[in-house]
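Working notes, structure below.
Residue numbers (the numbering used here), protein chains in the order written: chain A, 1 to 111; chain B, 112 to 221.
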């Protein structure tokens, strides 16, 4: 059984740039959720995708967007990067809503 | 929206003693409550979960209790060991999404 994989592991971007993060879900899972985890904080829910449609969104602006593909993999796109976007971005897959199985995350640094 | 409060934010216990972490939630419709452990630099990993049709669940040294009337749930770790040192997150399901608390950093003193 292949677990959740995320790429890249680390990324450095400049304020105003755009970034795309990728996630491959665990075999057999049909739902992908994205979280932002700032240093010393709990994961904050960004959005969830099910059957290629957004199925719930947290308190994040529209410049955070995503996609889910027919093979259930997913992308998180962030436009017009701000310094506060620096964080660990976690992808989690599940069969239905729960339980969540997390990837190792992408550490994004915005300078 | 759903809000999950967790306390304490830090907890230090003597090896072999018990540790208790408490959480409250706001959405009375929540019916699934997982707990995750995150070691430094690693992914959060599910350690135990409970659904609202039960009041308590135990798995070896770890137990979780749920009080739906009061909207709070707790994690209990008995006979703590050095490898229990980590950050622990409670969470609650609300409207098909999992909302996390802010975490408890647990340190085990030798």
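Ideal Cβ positions, reconstructed from N, Cα and C, are used throughout, including at glycine. Quick caveat: nothing in here was measured; it's all calculated off a predicted structure.
Residue of the options minimising C-alpha distance to residue i
| i | options | result |
| --- | --- | --- |
| residue 138 of chain B | B/212, B/218, B/216, B/205 | B/205 |
| residue 81 of chain A | A/44, A/6, A/54, A/62 | A/62 |
| residue 154 of chain B | B/207, B/208, B/143, B/198 | B/198 |
| residue 68 of chain A | A/96, A/31, A/16, A/3 | A/31 |
| residue 18 of chain A | A/65, A/102, A/9 | A/65 |
| residue 165 of chain B | B/157, B/180, B/158 | B/180 |
| residue 96 of chain A | A/12, A/48, A/6 | A/48 |
Distance cut-off 8 angstroms: residue i Cβ against heavy atoms of the ligand FMN
| i | result |
| --- | --- |
| residue 202 of chain B | With respect to small molecules bound, the structure shown includes none, and the ligand FMN cannot be examined in it. |
Distance between residue j and residue i (C-alpha atoms, nearest Å)
| i | j | result |
| --- | --- | --- |
| residue 134 of chain B | residue 148 of chain B | 15 angstroms |
| residue 214 of chain B | residue 118 of chain B | 8 angstroms |
| residue 169 of chain B | residue 150 of chain B | 22 angstroms |
| residue 98 of chain A | residue 91 of chain A | 13 angstroms |
| residue 45 of chain A | residue 54 of chain A | 13 angstroms |
| residue 186 of chain B | residue 72 of chain A | 33 angstroms |
| residue 28 of chain A | residue 100 of chain A | 13 angstroms |
| residue 222 of chain B | residue 195 of chain B | Here chain B covers residues 112 to 221 and nothing more, so residue 222 of chain B does not appear. |
| residue 163 of chain B | residue 132 of chain B | 18 angstroms |
| residue 140 of chain B | residue 217 of chain B | 30 angstroms |
| residue 56 of chain A | residue 203 of chain B | 15 angstroms |
| residue 84 of chain A | residue 43 of chain A | 15 angstroms |
| residue 60 of chain A | residue 78 of chain A | 10 angstroms |
| residue 94 of chain A | residue 26 of chain A | 8 angstroms |
| residue 189 of chain B | residue 212 of chain B | 22 angstroms |
| residue 104 of chain A | residue 9 of chain A | 8 angstroms |
Item to complete: With 7 angstroms as the C-beta to C-beta threshold (strictly closer), list the residues of the segment 142-156 of chain B near chain A in chain order.
Response: Cβ contacts with chain A come from 143, 145, 154, 155.
Practice prompt. Decide yes or no for the touch test of the segment 38-45 of chain A against the segment 122-129 of chain B: beta carbon pairs closer than 8 angstroms, at least 3 of them.
Written response: Under the 8 angstroms Cβ criterion, the segment 38-45 of chain A does not count as touching the segment 122-129 of chain B, having fewer than three qualifying pairs.
Worksheet item: Using 8 angstroms as the threshold, is the segment 96-110 of chain A in touch with the segment 164-178 of chain B, meaning 3 or more CB pairs across them?
Response: Touching, no.
Discussion item. For the segment 96-108 of chain A, list every residue whose C-beta sits within 9 angstroms of some C-beta in chain B, in sequence order.
Written reply: 96, 97, 98, 99, 100, 101, 102, 103, 104, 105
Discussion item. Beta carbons nearer than 9 angstroms to chain A: which residues of the segment 209-220 of chain B have them?
Written reply: 209, 210, 211, 212, 213, 214, 216
Worksheet item: Given a limit of 7 angstroms on CB to CB distance, which residues of the segment 187-200 of chain B reach chain A?
Response: 200
Worksheet entry | Near-chain B residues of the segment 51-76 of chain A (beta-carbon distance less than 9 angstroms), N- to C-terminal order | Within the segment 51-76 of chain A, the qualifying residues are 55, 56, 57, 58, 59.
Discussion item. I'd like the ranges of any beta strand (DSSP E) spanning at least 3 consecutive residues and lying wholly in the segment 123-185 of chain B.
Written reply: 130-136, 143-149, 156-162, 167-170, 173-178
Worksheet entry | Residues, ordered as in the chain, of the segment 32-47 of chain A that lie near chain B by beta-carbon distance below 9 angstroms | 33, 35, 37, 40, 41, 42, 43, 44, 45, 47
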